[in-house]
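Shown next as structure tokens:
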């Protein structure tokens, strides 16, 4: 026990004193908040100006494009509700031309970067836009991903065309706007306990945020423990260690030490994030969204439980990789496909968050390895039955025990094997013999 | 003297290789036992089994220090052949850690660490990081780590490799001192000169088997007094070509000649007198190095052929 504690203490101090730990502790929340606040900042600042030539084959839509299309007024309420999509704050400077001669404008699209007449896009409205059944507008740009500009120009043109069509049928253009007004949709979640939650889009962001908080430390410190084991092998420290204690003591000390490091870091992050969150929460409540309805105290309990479970699962896997490999490069190659597999719930996160009670989400949340992350996200965005929570936790604990047992055995043999990486068959032998 | 460590018929196989093939020997309390052999002979594997890193496939290892409860490993001090230290740690912290994993802690440890560091002229390196130390100094730090917990049995795998002559003397004196304190030392080395200077008993391992075993005196005596040690001035290369000389090693005006059965050393002396200034002429038992080469050298040649 004392020896295990000695290893734990050493691992903890060694990791916490590293520059990487300090950098990660400070930088990660900054990056996270940046990711959260960036859309808001973009609303405030705008994305700059786009110069677009609008070639109007109909020659009748000039009024829609003559004025500069100004950035949408920043509205924190809308931004927080995620409704800023499609109306991003970008000034579009449209150069209106009645005609169909595209060529000179396409040339200007690829003009020299500094040329004053360089265009960012060319938008073409065909002559039969108003009456033709198969009419199609075309948007040329240097990057086909400039969807935002495309959407905005498209909707402006469509609206203008609609006005023309309707006024062609004798409807007063001024009443057209009123008639074609869009009605916004609000998301309201009706939970099992009957309470209503507004602003469901925020749940999506929170889900991703907490999933990242749960996953990233596991991977970082999993890698760290793998690297540590390989380094101990390369530095031959391990021989002194295993001649002084059992591999199980050594492994326990190591994993718990690194687990403590992860917890320290996550605690630091939580403190920092709650400071940012307090600010964001104030803004949000100004916008009429009660943030505390998503961040119930239980969320933090769940986070702690599932963080520890996920962490220990991943760290064990990485420890085995470290024990069977001789160089970091080799270990990276071995672990890359495995970690992709472990990340599976992350790749399906959108589906899980949006459908937390689907068969997919339930299946993942009750399975080993994927369980902790998926179950936590389910618990965050919905109210899963207690039985599911209990099964998930039990499965995870069993998984960790099994992994730990296997790891300790492989560790004992693998840690001193300096030769080539063992094959699966040899690993099986190790399990039986050691 | 009582036996503290008994290795009986120990076998360890790695894949198709029998690294240790039925090794048996015993170590007497308060002696220095030299575990000799070429690289790859099976010394390190044998030691790893004694220290509990590997379990033998068959055979037993009995360590009398196991009595008294607690972890028997804590009464063994082990200096591995491949030195290993945490390079990022401070010397004093590392040594505290090494003492701790051997079950020793408390205020006395730091005091002892300082004492040892002084002795090895490492006092001012106390708070330096291990990676800032020279290789020789790192080795001394590891040796201190081996001894901090006051072990009864000290197992040293090539303790002097990589040390300069001054440090070699320091280590040699230290080992003698440890022996005088009643500790038992198992010294694995391929430096025959060192083994000859220090060991009471020797165990010669070759290809996983013990080929020679006993006290140094006995072993040397069994090889008879048919070796000539000559120190001289002049060109002594001809000594190796004289009749009755089976093997000669001639280095820097000193020759060690193995004579054939029944040869008369006087004839060699007569042949030399006119051609060399003789400073020393001694008929003695062969050196351990000679014995070593005789025991394991021939076989190597056969393998090469």
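Protein chains in written order, with the working numbering: chain A, 8 to 441; chain B, 6 to 310.
The beta-carbon is built from N, C-alpha and C at its ideal position, and this holds for glycine as well.
Small disclaimer: the values here were computed from a predicted structure and weren't measured.
Taking a C-beta cut-off of 8 Å against chain A, the contacting residues of the segment 101–126 of chain B are 102, 103, 105, 106, 107, 108, 110, listed in chain order. For residue 33 of chain B, DSSP records a beta bridge to B/8. Residues of the same chain with a CB within less than 7 Å of the CB of residue 34 of chain B, apart from the 5 flanking positions on each side, are 6, 7, 9, 189 in chain order.
Spatial neighbours of residue 375 of chain A in its own chain (CB-CB distance under 6 Å, excluding positions within 5 residues in sequence) are listed in chain order as 402, 406. Taking C-alpha positions only, residue 126 of chain B is separated from residue 103 of chain B by approximately 20 Å.
Cβ proximity to chain B below 8 Å picks out 239, 242, 243, 244, 245, 246, 247, 248, 249, 250, 251, 252 from the segment 238–255 of chain A.
Nearest in C-alpha terms to residue 143 of chain B, of all of B/55, B/20, B/84, is B/84. Interface flag for residue 56 of chain B against chain A is set, since a Cβ pair is found closer than 8 Å. The continuous beta strand (DSSP E) containing residue 216 of chain B extends over residues 214–220. By the CB criterion at 8 Å, residue 325 of chain A and residue 264 of chain A fall outside the cutoff. Assigned with DSSP and collapsed to three states, residue 100 of chain A falls in strand. A distance of 8 Å or more separates the beta carbons of residue 417 of chain A and residue 322 of chain A. Contacts between residue 21 of chain A and chain B, judged by CB atoms closer than 8 Å, involve 91, 93, 94 in chain order. Apart from sequence neighbours up to five positions away, the residues of its chain that approach residue 79 of chain B with a beta-carbon distance below 6 Å are 107, 108, ordered along the chain.
Assignment of residue 279 of chain B by DSSP, reduced to helix, strand and coil, places it in the coil class. Cβ proximity to chain A below 7 Å picks out nothing from the segment 249–282 of chain B. Going by DSSP, residue 56 of chain B is part of no alpha helix (DSSP H) at all; its letter is neither H nor E.
Within chain A, the residues whose beta carbon sits less than 7 Å from that of residue 85 of chain B are 243, 246, 247, listed in sequence order. Pairing residue 188 of chain A with residue 137 of chain A gives a Cβ-Cβ distance that is not under 8 Å.
If you look at residue 184 of chain A, you'll find it isn't in any beta strand (DSSP E); it sits in the alpha helix (DSSP H) that goes 180–186. In this structure, the CA atom of residue 228 of chain B is about 11 Å from the CA atom of residue 297 of chain B. Where residue 16 of chain A is concerned, the enclosing alpha helix (DSSP H) starts and stops at 9–23. Burial is judged here by how many other beta carbons sit within 10 angstroms of a residue's own beta carbon; residue 121 of chain A has fewer than 16 and is exposed.
With its beta carbon less than 8 Å from one in chain B, residue 10 of chain A belongs to the interface. DSSP lists B/192, B/207 as the bridge partner or partners of residue 39 of chain B. With distances taken between CA atoms, residue 13 of chain B lies nearest to B/31 out of B/19, B/24, B/31. In the DSSP assignment, residue 128 of chain A forms a beta bridge with A/59, A/148.
Rounded to the nearest whole angstrom, the CA to CA distance from residue 294 of chain B to residue 198 of chain B is 7 Å. When A/257, A/25, A/236, A/364 are compared, the shortest CA-CA separation from residue 328 of chain A is found for A/236. At a cut-off of 8 Å between beta-carbon atoms, residue 234 of chain A makes no contact with chain B. Scanning the segment 240–293 of chain B from its first residue to its last, the whole alpha helix (DSSP H) runs of 4-plus residues come out as 270–278. Between residue 101 of chain B and residue 136 of chain B the beta-carbon gap is near 18 Å, outside 8 Å, which marks them as no contact.
Using beta-carbon distances, residue 88 of chain B counts as an interface residue toward chain A, with a partner under 8 Å.
Of all residues in the segment 181–203 of chain B, none has a C-beta nearer than 8 Å to a C-beta of chain A. A contact between stretches requires three or more CB pairs, one per stretch, nearer than 8 Å, and the segment 220–238 of chain B meets this requirement with the segment 262–273 of chain B.
Between the C-alpha atoms of residue 240 of chain B and residue 275 of chain B there is a straight-line separation of about 16 Å.
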